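So the structure is just underneath, and the comments pick up after that.
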Amino acid sequence: MPDFDAIIIGTGQAGPSLAFRLAAAGMKVAVAERNLVGGTCVNTGCTPTKALVASAYAAQMARRGAEYGVVTAGEVGVDMRRVKARKDAIVAQSRDGLAAALDNAANISLFRGHARFVSPREVEIGGERLRAERIFVNVGGRALVPDMPGIDQVPYLNNSSMMAIDVLPPHLIIVGGSYIGLEFGQMYRRFGSEVTIIEMAPRLVHREDADVSAAIRDIVEHDGVRIRLNAECISLATRGKDIVAKVDCIEDAPEVVGSHLLLAVGRRPNTDDLGLDQAGIRCDERGYIVVDDQLQTNVPGIWALGDCNGKGAFTHTAYNDFEIVAANLLDHDRRQVSDRTPAYALYTDPPLGRVGMTMSEARNSGRPVLVGERPMTRVARAIEKGETQGFMRILVDRDTKEILGASLLGTGCDEAVHSILDLMNAKAPYPIMQRAMHIHPTVCELLPTILGDLKPLD
Ligand SMILES: Cc1cc2nc3c(=O)[nH]c(=O)nc-3n(C[C@H](O)[C@H](O)[C@H](O)COP(=O)(O)OP(=O)(O)OC[C@H]3O[C@@H](n4cnc5c(N)ncnc54)[C@H](O)[C@@H]3O)c2cc1C
Numbered sequence: 120m121p122d123f124d125a126i127i128i129g130t131g132q133a134g135p136s137l138a139f140r141l142a143a144a145g146m147k148v149a150v151a152e153r154n155l156v157g158g159t160c161v162n163t164g165c166t167p168t169k170a171l172v173a174s175a176y177a178a179q180m181a182r183r184g185a186e187y188g189v190v191t192a193g194e195v196g197v198d199m200r201r202v203k204a205r206k207d208a209i210v211a212q213s214r215d216g217l218a219a220a221l222d223n224a225a226n227i228s229l230f231r232g233h234a235r236f237v238s239p240r241e242v243e244i245g246g247e248r249l250r251a252e253r254i255f256v257n258v259g260g261r262a263l264v265p266d267m268p269g270i271d272q273v274p275y276l277n278n279s280s281m282m283a284i285d286v287l288p289p290h291l292i293i294v295g296g297s298y299i300g301l302e303f304g305q306m307y308r309r310f311g312s313e314v315t316i317i318e319m320a321p322r323l324v325h326r327e328d329a330d331v332s333a334a335i336r337d338i339v340e341h342d343g344v345r346i347r348l349n350a351e352c353i354s355l356a357t358r359g360k361d362i363v364a365k366v367d368c369i370e371d372a373p374e375v376v377g378s379h380l381l382l383a384v385g386r387r388p389n390t391d392d393l394g395l396d397q398a399g400i401r402c403d404e405r406g407y408i409v410v411d412d413q414l415q416t417n418v419p420g421i422w423a424l425g426d427c428n429g430k431g432a433f434t435h436t437a438y439n440d441f442e443i444v445a446a447n448l449l450d451h452d453r454r455q456v457s458d459r460t461p462a463y464a465l466y467t468d469p470p471l472g473r474v475g476m477t478m479s480e481a482r483n484s485g486r487p488v489l490v491g492e493r494p495m496t497r498v499a500r501a502i503e504k505g506e507t508q509g510f511m512r513i514l515v516d517r518d519t520k521e522i523l524g525a526s527l528l529g530t531g532c533d534e535a536v537h538s539i540l541d542l543m544n545a546k547a548p549y550p551i552m553q554r555a556m557h558i559h560p561t562v563c564e565l566l567p568t569i570l571g572d573l574k575p576l577d
């Protein structure tokens, strides 16, 4: 049985970086991957979707050319084969680069196949047993298939199968009005599809503040995406070549008829076929591996990183998990998950940059909260770019002067939010930013202005 110092299961956003660090420290490392090197982000998540979002943005700006004085000859067309080829090339470069780096690294052996625990120190991959004193689980997650009436009667797509599409769906129905559904929805609308998003909740991205949800709804509806909220019971069927989605499960209720169906209702961790019971590793009721603040499972010598531990659902949280584990193991630096400031972005156009608390979380915190806001119609850079949808909001604690959170919805806000994120991470009081000289004209230059005009949150 081959003996290693460490086994890493999965090549997502934590595993490979950890493998390189452990190998550089002189450890003999086995890495297992059952599918594509790079995992979700590289192959079916962040990288391809943001490449597609960029194509959709180009199409939109071409259509808007006349507003900017740009003359285009005739109607703007989108060649989906070329859109896909561009996306595939970007993904391939990232995946192949990582695969080559793993293949060529000293001290790292890449095993292709599905890995399962057979004991707390042993993993089986394709009939071969590997042993190590340290095992790191980085198995990520996959699209959830909801238990909806008729789901087994209709063809459906998910974020993975969407990556093979090189034609324009005449009418794409998307079930799920959160991050993934909204990104695909706006992008396909801009490619030229009819798009209907069906959401069970009373509003889109319901974890955000109600006015943020409403502004995002305005943004995608402005592009022509149709939104159907409060879909209390969704049932699916085929009618000829069409897919029919009923949103009330009531006879004769209005229905949405489309050509393709995308399910974007959430993700589930890839922990159901991992032999966790053979190792005695504890999961919660949703299948996420239970870990402590340093990402150790209940079994000494086994860690869980990335989406499968339920402590984050983003590439940056998975990568931060790698940094925490590496710091504790190799650098005698006691980093922990609870030290990180929650942050993420939604890549609609314009994007939402989020950090810390929402307004409703701040209100419920019982702290004395001050709030500052500014519509993007009053941001010079947004006006100059002709992209004035959205608004920016910052929340602070009146007494401690701590920044509590921000929702920045507008052009460039996926970048601008980092000004606030860094300040929050440094636990710096907000007047520090107020005194900073920001560059004109940028979206960020208005952040000190917003902080100079704070009002009590009612
Ligand atoms: C459509 C979409 C868009 C997204 N966009 C963004 C974004 O813009 N920004 C962002 O931060 N996040 C985004 N995400 C989320 C991001 O992709 C994930 O949070 C991130 O990939 C999680 O990384 P991970 O390391 O936990 O696992 P993954 O990237 O999922 O990798 C896990 C790997 O483990 C392998 N594996 C699983 N089980 C086994 C096994 N038993 N044996 C061997 N190998 C196994 C899998 O094949 C996979 O390669 C997006 C997700 C989706 C679906």
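Counted the way the working numbering counts, the sequence shown spans residues 120 to 577.
No residue lacks a Cβ here, since even glycine has one placed at the ideal position from N, Cα and C.
Everything numeric in this text was worked out from a predicted model, so none of it was measured.
Exclusion of the five residues before and after G232 leaves A151, R153, I244 and G245 as the residues of its chain whose Cβ lies within less than 7 angstroms of its Cβ. Shown here, C368 sits in coil according to DSSP, grouped into three states, outside any helix or strand. The beta-carbon separation of R512 and M478, rounded to 7 angstroms, stays under the 8 angstroms limit for a contact. Look at C427 here: in three-state DSSP terms it is helix. Taking all protein chains shown into account, D533 has 16 or more neighbouring C-beta atoms within 10 Å of its C-beta and is therefore buried.
By the criterion of a C-beta distance shorter than 6 angstroms, Y549 is surrounded in its chain by V515, K520, I522 and L570, once the five residues flanking it on both sides are discounted. The beta carbon of R240 sits closer than 6 angstroms to the beta carbons of R250 from its chain, once the five residues preceding and following it are set aside; these are given in chain order.
The three-state reading of DSSP puts E241 in strand, counting E and B together. If only uninterrupted alpha helix (DSSP H) runs of at least 4 residues are considered, those enclosed by the stretch 390 to 474 are 395 to 398 and 434 to 449.
Three or more Cβ pairs closer than 8 angstroms define a contact, and the stretch 387 to 407 falls short of that threshold against the stretch 275 to 289. No heavy atom of ligand 1 is found nearer than 7 angstroms to the CB of A181.
For V314, the three-state secondary structure derived from DSSP is strand. Taking the Cα of C160 as reference, the smallest distance to any Cα among A143, I254, A262 and G184 is reached at A262. Boundaries of the beta strand (DSSP E) around H290: H290 to V294. Within the same chain, Cβ atoms closer than 7 angstroms to the Cβ of V384 are found at L263, P265, V294 and G295, the five residues on either side in sequence being excluded. Residue pairing of G377 in beta bridges, as defined by DSSP: I362. In terms of Cα proximity to V339, the closest of H325, K365 and R309 is R309. Pairing D452 with A437 gives a Cβ-Cβ distance that is not under 8 angstroms. DSSP places P268 outside any beta strand (DSSP E), giving it a letter other than H or E. If you check the CB distance, V474 and L576 do not come in under 8 angstroms. In the assembly as shown, Y187 is an exposed residue. Its beta-carbon has fewer than 16 other beta-carbons within 10 Å. Cβ neighbours of Q553 within its own chain (closer than 8 angstroms, five residues either side excluded): P567, L570 and G571.
Per the coordinates, the alpha-carbon of F230 lies some 41 angstroms from the alpha-carbon of E318.
Contact between the stretch 156 to 171 and the stretch 205 to 212 is established, with three or more Cβ pairs separated by less than 8 angstroms. Taking 7 angstroms as the cut-off, the C-beta of Y466 counts as close to a heavy atom of ligand 1. By the Cβ criterion, the stretch 346 to 356 is in contact with the stretch 314 to 332, since at least three pairs of Cβ atoms, one from each stretch, lie closer than 8 angstroms. Listed in chain order, the non-local C-beta contacts of G343 below 7 angstroms within the same chain comprise R308, local neighbours out to five positions each way being set aside. In the three-state DSSP reduction, V273 falls in the coil class, being neither helix nor strand. Residue range R386 to P388 is occupied by the beta strand (DSSP E) that includes P388.
Remark: C-beta atoms of G129 and G158 approach each other more closely than 8 angstroms.
Sixteen is the threshold: since fewer than 16 other Cβ atoms of the shown chains lie within 10 Å of the Cβ of S238, the residue is exposed. Closest in alpha carbon position to L355, among G260, D337, G311 and L382, is L382.
Looking at Y176, I551 and K365, the one whose alpha-carbon comes closest to that of I270 is K365. By the criterion of a C-beta distance shorter than 8 angstroms, A555 is surrounded in its chain by P567, once the five residues flanking it on both sides are discounted. Apart from sequence neighbours up to five positions away, the residues of its chain that approach V195 with a beta-carbon distance below 7 angstroms are A178, A181 and R182, ordered along the chain. Each residue's CA atom was taken as its position, placing Q415 and D361 some 48 angstroms apart.
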